[in-house]
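A short write-up of the structure that comes next.
Numbering (the numbering used here), first residue to last: 2 to 512.
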């Protein structure tokens with residue numbers, strides 16, 4: 002299709018097209034046919050046209066082209082056809098519009114950034130404007146030198162010498178700046194190539210990170226497992242008696258509650274209380290208890306059943322301890338169960354992490370980690386050089402601005418001196434006119450180039466919106482170098498740009 006368009010319009014094909022002379026179809030040639038043609042119907046300025054180029058294998062002369070305008074069912078010939086086609090797409094600009102998608106990466110790659118900018122300028126017709134700007138700059142200098150020679154003034158001559166000196170410094174600075182920019186572009190390409198390789202190793206970095214994380218998780222779980230096992234053993238040491246105390250607790254309570262022991266354990270009489278009554282020789286009911294009396298002897302007999310404070314405390318402690326054993330025995334199994342469940346969870350997670358760690362380690366086994374580290378080091382080194390180069394370019398920009406200010410000041414001084422001389426004033430006006438026209442052309446040129454960039458950005462964005470399933474952000478430099486970034490700010494590989502670049506550049510829709 003591409004070469005059919007090129008051949009129809011200009012009678013030529015792309016450099017990559019094989020067998021350029023074999024225009025006639027092989028089968029048609031075998032059947033005895035000698036003629037072929039390519040016809041293209043297109044629109045231009047809201048009008049429809051038909052371009053048709055004929056080929057005759059019997060003739061050695063050039064192919065014939067016929068162009069007609071389609072109007073109300075009739076066809077009106079356009080003469081001369083080649084001139085008209087050149088007004089639609091000039092022959093020298095055709096390679097910028099009609100090129101093969103497979104060759105898009107070569108054409109639009111970073112190695113051809115200068116050719117891309119030049120191509121845009123050619124499409125916009127900037128070549129003629131740049132030539133005019135250079136001619137006007139030359140004429141401006143000629144007229145300003147004429148001012149100095151016409152006035153024959155030492156002061157003006159001195160100012161002109163200073164002016165030429167600063168102009169030379171500007172030329173040197175801009176030349177050095179151009180070299181630095183070329184150096185910067187080379188470094189940027191090297192950084193981009195390294196970053197491309199590192200993007201491919203991003204998966205490796207992710208595997209490394211996962212391996213480190215898994216190893217940390219595994220170590221943490223190992224500590225947690227050991228701690229849980231220790232807690233389990235500690236529980237057995239501290240709570241085992243609660244589990245085995247079931248029988249002894251039951252028998253002890255049974256013994257204390259048996260009928261034959263009731264009123265004996267603990268004793269119903271307090272030894273200290275009985276002794277106090279005997280010593281006072283009077284019962285709490287008021288009965289006198291003299292020595293050797295029957296009443297006293299009965300009260301004294303209670304001492305045989307009475308218990309002192311020590312006995313009562315022991316019985317209370319025994320009952321309290323048995324009660325505690327009984328209560329803790331109820332809680333103990335639940336604690337053990339929770340410890341066992343926690344240990345099972347830790348061991349399960351540990352085994353899972355260990356399996357994943359072995360899997361990631363196996364995938365990293367054949368990857369050269371040192372090479373990745375070396376590339377990272379080289380990228381940092383180049384990034385440092387890039388920063389220095391950008392800084393040097395900025396310094397040269399400052400120098401050029403400073404020199405231009407000095408030149409402007411000198412021009413003002415010369416103009417003031419020349420206004421008193423009618424002959425010199427003529428050249429002053431001419432140089433001012435040249436500078437004014439040159440400034441206007443430079444402004445318009447920059448505006449048109451910026452418009453071209455905005456149009457390209459808009460078209461590429463539309464292509465991305467209609468073809469990409471992900472959100473992508475377009476980046477385009479002043480040199481028309483295109484890059485795409487994802488939502489995380491990661492620059493996508495060059496290969497992913499070919500379709501978008503080709504579509505935006507050629508005006509076609511991606512397949």
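Here a beta-carbon is modelled for each residue, glycine too, at the ideal position from N, C-alpha and C.
Since the structure is predicted, the reported quantities are computational estimates derived from the model, not experimental observations.
| Check | Outcome |
| --- | --- |
| beta-carbon residue 68 near the ligand GTP non-hydrogen atom, thresh 7 Å | Within the structure as shown, the ligand GTP is missing, as the structure has no ligands at all. |
| The segment 144–163 touching the segment 421–439, judged by at least three CB pairs closer than 8 Å | yes |
| Per DSSP, the bridge partner or partners of residue 292 | In DSSP, residue 292 forms no bridge with anything. |
| Cα-Cα separation, residue 70 to residue 44 | 10 Å |
| Spatial neighbours of residue 9 in its chain, beta-carbon cut-off 6 Å, leaving aside the 5 residues before and after | 39, 41, 52 and 54 |
| For residue 13, the three-state DSSP class (helix, strand or coil) | coil |
| Length of the line joining the Cα atoms of residue 263 and residue 235 | Legend: pLDDT at residue 263 = 49, less than 50; position of this residue unreliable, no value from coordinates given. |
| Cα-Cα separation, residue 341 to residue 233 | 8 Å |
| Start-end ranges of the alpha helix (DSSP H) lying completely within the segment 351–436, minimum 4 residues | 370–419 |
| Minimum Cβ-Cβ distance from residue 24 to chain C less than 8 Å | The chain inventory of the structure shown lacks chain C, comprising one protein chain alone. |
| Where the alpha helix (DSSP H) containing residue 36 begins and where it ends | From DSSP, residue 36 is part of no alpha helix (DSSP H) but of the beta strand (DSSP E) over 36–45. |
| Beta-carbon separation (whole angstroms), residue 175 vs residue 401, contact threshold 8 Å | 6 Å |
| Integer-rounded CB distance, given that residue 184 should sit under 8 Å from residue 390 | 6 Å |
| Beta-carbon contacts of residue 29 that lie in its chain and below 8 Å, excluding the five residues immediately before and after | 37 |
| Residue 482 - DSSP class collapsed to helix/strand/coil | coil |
| Extent of the continuous beta strand (DSSP E) run through residue 70 | 65–72 |
| Between the CA atoms of residue 409 and residue 396 - distance to the nearest angstrom | 20 Å |
| Spatially closest choice to residue 350 from 133, 209 and 225, by CA coordinates | 225 |
| Where residue 23 sits in the DSSP three-state scheme | coil |
| Residues near residue 509 by beta carbon distance below 6 Å, same chain, minus five either side | With a pLDDT of only 41 at residue 509, under 50, the local geometry of the prediction cannot be trusted, and the value read off the model is given with reservation. No residues qualify anywhere along the chain. |
| Rounded straight-line distance, which links the Cα of residue 186 to that of residue 476 | 16 Å |
| Endpoints, beta strand (DSSP E) assigned at residue 78 | 75–78 |
| Stretch pair the segment 131–143 + the segment 436–452: three plus CB contacts closer than 8 Å | yes |
| Euclidean distance between Cα positions of residue 228 and residue 354 | 18 Å |
| CB of residue 192 within 8 Å of CB of residue 383, strictly | yes |
| From 91, 47, 76 and 75, residue whose alpha carbon lies closest to that of residue 7 | 91 |
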